[in-house]
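Undergrad: Per my numbering, the very first residue in the sequence shown carries number 19; after that it's consecutive.
No residue lacks a Cβ here, since even glycine has one placed at the ideal position from N, Cα and C.
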Amino acid sequence: MKVIFLLGVTTSNETQGQIVAESEQYGDIVQENFIDSYNNLTLKTVMLLKWVTNNCIDRVRFVMKCDDDVFVNVPNLLHILLGGIVPVYNDTLSFYDLANFLATRKKTAVLDPRHLLMGFLFCRAKPIADVTSKWYSPIYMYSGTTYPNYLSGTGYVMSADTLTLLYNTSLRTPLFHLEDVFLTGICANRAGLKPRHSPLFTYTVVKNLCAIRGMITQHPLSPDDIKRAYDFVTNTTLRCPGPDAQFNSKKVLGRSKMCK
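(1) Quick check on Lys19: buried or exposed, where buried means 16 or more other Cβ atoms within 10 Å of its Cβ?
(2) If we count the other Cβ atoms within 10 Å of its Cβ and call it buried at 16 or more, is Glu197 buried or exposed?
(3) Below 9 Å between beta carbons: does that hold for Asp54 and Ala229?
(4) Measure the Cβ-Cβ separation of Thr220 and Thr235 and say whether it is below 9 Å.
(5) Going straight from the alpha carbon of Val149 to that of Asn57, what length do you get?
(6) Any idea what DSSP makes of His97, helix, strand or coil?
(7) Using the Cα positions of Asp243 and Gly173, report the straight-line distance between them to the nearest angstrom.
(8) Beta-carbon separation of Leu181 and Leu67 under 9 Å?
(9) Could you tell me the boundaries of the beta strand (DSSP E) in which Leu169 lies?
(10) In terms of residues, what are the limits of the beta strand (DSSP E) holding Cys83?
(11) For Gly171, collect the residues of the same chain with a Cβ closer than 6 Å to its Cβ; drop the 5 residues on either side in sequence, then sort them by chain order.
(12) Please state if the CB of Gly26 and the CB of Glu50 are separated by a distance shorter than 9 Å.
(13) Any idea which residues DSSP pairs His215 with across the strands?
(14) Go through its chain and collect everything with a Cβ distance to Val128's Cβ below 7 Å, but skip five positions before and after it.
(15) What is the residue span of the alpha helix (DSSP H) that Leu128 lies within?
(16) Can Ala178 and Arg79 be called in contact, C-beta distance under 9 Å?
(17) Would you please state the rounded distance, in angstroms, between the beta carbons of Arg142 and Thr164? I believe it to be under 8 Å.
(18) Could you tell me the alpha carbon to alpha carbon distance between Thr28 and Val175, rounded to whole angstroms?
(19) Could you give the distance in angstroms between the alpha-carbon of Asp87 and the alpha-carbon of Pro241?
(20) What does the alpha-carbon distance come out to for the pair Ile75 and Trp69?
(21) Given a threshold of 16 other Cβ atoms within 10 Å of its Cβ, counted over all protein chains shown, does Leu59 qualify as buried or as exposed?
(22) Taking the C-alpha atoms as reference points, what is the distance between Pro238 and Asp130?
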């Protein structure tokens, strides 16, 4: 497994010097010539697809994109990608619905990784017309009433064949500044890919470490909280309680995460 950090350019010579030093020591930085800003996240993510395509597409099975304030539970991620299921703890029950309750069903196990594009799925989201919003969508850039179903840009994983399809499609698609909508929604839709929801890519802030142990991603976390989560998840001597013996999934897990 290799971790890389994606960067645009900076106007600070001191910061650029630190970037070069990090790259020379660890070889973990990819930098291209565009302003590193929120509205340029689409360029940064397409840059990831290009880098993988040009450097290692024939040697990887999966690629995950995530933000720098996201904790990634790597053991759970690898377990899911290899076809396993993650144990459900009492503190993670609220994130599941009955259809994807992994303790009783293997429905969401990744048995066939082809065309995989998985994360937290947004269904029938509408463009935001408020010009003061961080997610403002000008009508001249997107005129539809709803976005295609898409995955949260905080963290999502794809198979190598999906990456190739998304990269090729992105080169033929007008850029849209909301990276997750553009890549996992608009481009995925054009490429005939169906983004897949997993409750383990959480979009709810939790501080309970046993909840984090049962997830793949948690967002947002500070660097200190990420370190605390990592130390807990990798400590195999600590135990987290599972559902009570009287737990009845049909009575508790009523919420449905289905997209039409």
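TA: Reading off the structure:
(1) The sequence position of residue 19 within the sequence shown is 1, counting from 1. It is Met, not Lys, that sits at residue 19 in the sequence shown. Flag for Met19 reads exposed.
(2) The residue given as residue 197 occupies position 179 in the sequence shown. Glu197 should be labelled buried.
(3) For the purposes of this step, residue 54 is identified with residue 36 of the sequence shown, where counting begins at 1. For the purposes of this step, residue 229 is identified with residue 211 of the sequence shown, where counting begins at 1. No, the Cβ-Cβ distance between Asp54 and Ala229 is not below 9 Å.
(4) Position 202 of the sequence shown, counted from the first residue, corresponds to residue 220. Position 217 of the sequence shown, counted from the first residue, corresponds to residue 235. Going by C-beta atoms, Thr220 is nearer than 9 Å to Thr235.
(5) Position 131 of the sequence shown holds residue 149. Position 39 of the sequence shown holds residue 57. Computed Cα separation, rounded: 14 Å.
(6) The residue labelled residue 97 in the question sits at position 79 within the sequence shown. In this structure, His97 counts as helix in the three-state DSSP scheme.
(7) Here residue 243 corresponds to residue number 225 of the sequence shown, with the count starting at 1. Here residue 173 corresponds to residue number 155 of the sequence shown, with the count starting at 1. C-alpha separation (whole angstroms): 17 Å.
(8) Reading the sequence shown from its first residue, position 163 is the one you call residue 181. Reading the sequence shown from its first residue, position 49 is the one you call residue 67. Yes, Cβ-Cβ distance for Leu181 and Leu67 is below 9 Å.
(9) Position 151 of the sequence shown, counted from the start, is the residue given in the question as residue 169. It spans Tyr168 to Ser177 - the beta strand (DSSP E) in which Leu169 sits, taken as one unbroken run.
(10) Counting from 1 along the sequence shown, the entry for residue 83 is found at position 65. Per the sequence shown, residue 83 should be read as Lys rather than Cys. First-last of the beta strand (DSSP E) with Lys83: Phe80 to Cys84.
(11) Position 153 of the sequence shown, counted from the first residue, corresponds to residue 171. Glu197 and Asp198.
(12) For the purposes of this step, residue 50 is taken as the residue at position 32 of the sequence shown. For the purposes of this step, residue 26 is taken as the residue at position 8 of the sequence shown. Result yes, Cβ atoms of Glu50 and Gly26 sit closer than 9 Å.
(13) What you label residue 215 is simply residue 197 of the sequence shown in a count that begins at 1. Answer is Gly137.
(14) Walking along the sequence shown from the start, residue 128 turns up at place 110. Correct list, in chain order: Ile98, Leu99, Gly101 and Leu134.
(15) In the sequence shown, counting from the first residue as 1, residue 128 sits at position 110. Note that residue 128 is Val in the sequence shown, not Leu. Unbroken run through Val128: none, as it is neither H nor E.
(16) Residue 178 sits at position 160 when you count from the first residue of the sequence shown. Residue 79 sits at position 61 when you count from the first residue of the sequence shown. A contact, by the Cβ cut-off of 9 Å.
(17) Here the question's residue 142 lines up with position 124 in the sequence shown. Here the question's residue 164 lines up with position 146 in the sequence shown. Indeed they touch by this definition, with Cβ atoms about 5 Å apart.
(18) Taking the first residue of the sequence shown as 1, we reach residue 28 at position 10. Taking the first residue of the sequence shown as 1, we reach residue 175 at position 157. Looking at the two C-alpha atoms, the distance is approximately 28 Å.
(19) On the sequence shown, position 69 is the one that residue 87 refers to. On the sequence shown, position 223 is the one that residue 241 refers to. Near 7 Å, if we compare the C-alpha coordinates of Pro241 and Asp87.
(20) Walking along the sequence shown from the start, residue 75 turns up at place 57. Walking along the sequence shown from the start, residue 69 turns up at place 51. Distance between the alpha carbons of Ile75 and Trp69 is about 9 Å.
(21) In the sequence shown, residue 59 corresponds to position 41, counting from 1. By the neighbour-count rule (16 or more Cβ atoms within 10 Å), Leu59 is buried.
(22) As a working mapping, residue 238 is identified with position 220 in the sequence shown. As a working mapping, residue 130 is identified with position 112 in the sequence shown. The alpha-carbon atoms of Pro238 and Asp130 are separated by roughly 30 Å.
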